[in-house]
Amino acid sequence: ATAAYTDNILEDYVYHGIDTLKDRYGGFCGVKPDDYKKQLKLADEISSYALEMYGRYPAVMETHFGGSQRATVTAASTGIITAMATGVADNGLNAWYQSMLQHKERTGRLGFYGFDPQDQCGSANSYAYRSDEGLPMELRGP
1 ATAAYTDNIL EDYVYHGIDT LKDRYGGFCG VKPDDYKKQL KLADEISSYA
51 LEMYGRYPAV METHFGGSQR ATVTAASTGI ITAMATGVAD NGLNAWYQSM
101 LQHKERTGRL GFYGFDPQDQ CGSANSYAYR SDEGLPMELR GP
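The opening residue of the sequence shown carries number 1 in full-length UniProt numbering; numbering runs sequentially from there.
Below you can see the structure in the form of structure tokens.
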């Protein structure tokens, strides 16, 4: 989803997330990057808010092509707020994928025309060790 096609809806979800962040999580960078419990709670709150707003205002679905951008806008707002909460972009990406998976669980699908595979391709490695760098205890010589 691009800002050109989402009107002010993405901004609304992000501003709501910023207010939540300031009120309950200590503001920007107020959550430790390794405190996954708080990150998951925050991401769940933002994702739930976004999906509830889509349910409350059905005309928004029409603005977003019948809902095909709903998953991306919800995930983007969740990822943005989690990245702002921790100061770490990778944590925001993990929250993005979590939001996608939660959305699929709630609605049964993410969108239209093969939208599902392209947006879930990173969720399998979200919290995984970067295996392309070798084993964690492996010692490499010069």
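Even glycine gets a Cβ: it sits at the ideal position worked out from N, Cα and C.
Everything numeric in this text was worked out from a predicted model, so none of it was measured.
Euclidean distance between Cα positions of residue 75 and residue 100 = Counting from 1 along the sequence shown, the entry for residue 75 is found at position 75. Counting from 1 along the sequence shown, the entry for residue 100 is found at position 100. So the alpha carbons of these two residues sit roughly 6 Å apart.
Residue span of the alpha helix (DSSP H) that contains residue 8, given as start and end | Working through the sequence shown from its first residue, we reach residue 8 at position 8. That residue, residue 8, is in no alpha helix (DSSP H); it is neither H nor E in DSSP.
Inter-residue spacing [alpha-carbon to alpha-carbon] between residue 3 and residue 31 | Counted from its first residue, the sequence shown places residue 3 at position 3. Counted from its first residue, the sequence shown places residue 31 at position 31. Interpretation of residue 3 is limited by its pLDDT of 49, a score under 50 that renders its predicted location unreliable; the figure taken from the coordinates is listed afterwards. Distance between the alpha carbons of residue 3 and residue 31 is about 27 Å.
Distance CB(residue 12)-CB(residue 53) smaller than 9 Å = Reading the sequence shown from its first residue, position 12 is the one you call residue 12. Reading the sequence shown from its first residue, position 53 is the one you call residue 53. In this structure, residue 53 lies closer than 9 Å to residue 12 by Cβ.
Give the secondary structure of residue 32 by DSSP, where H, G and I count as helix, E and B as strand, and everything else as coil.
-> For the purposes of this step, residue 32 is taken as the residue at position 32 of the sequence shown. Note: residue 32 maps to coil in three-state DSSP.
If residue 38 sits next to residue 25, beta carbons under 8 Å apart, how far is it from one beta carbon to the other, in whole angstroms?
-> By one-based count along the sequence shown, residue 38 stands at place 38. By one-based count along the sequence shown, residue 25 stands at place 25. With a Cβ gap of about 7 Å, residue 38 and residue 25 count as contacting.
How many angstroms separate the CA atom of residue 50 from the CA atom of residue 78?
-> As a position in the sequence shown, residue 50 is number 50, starting the count at 1. As a position in the sequence shown, residue 78 is number 78, starting the count at 1. Spanning the two alpha carbons is a distance of roughly 9 Å.
With distances taken from CA atoms, which of 102, 48, 96 is nearest residue 82?
-> Here residue 82 corresponds to residue number 82 of the sequence shown, with the count starting at 1. Nearest of 102, 48, 96 to residue 82, Cα basis: 96.
Do residue 7 and residue 102 have their CB atoms nearer than 9 Å?
-> For the purposes of this step, residue 7 is identified with residue 7 of the sequence shown, where counting begins at 1. For the purposes of this step, residue 102 is identified with residue 102 of the sequence shown, where counting begins at 1. No, the Cβ-Cβ distance between residue 7 and residue 102 is not below 9 Å.
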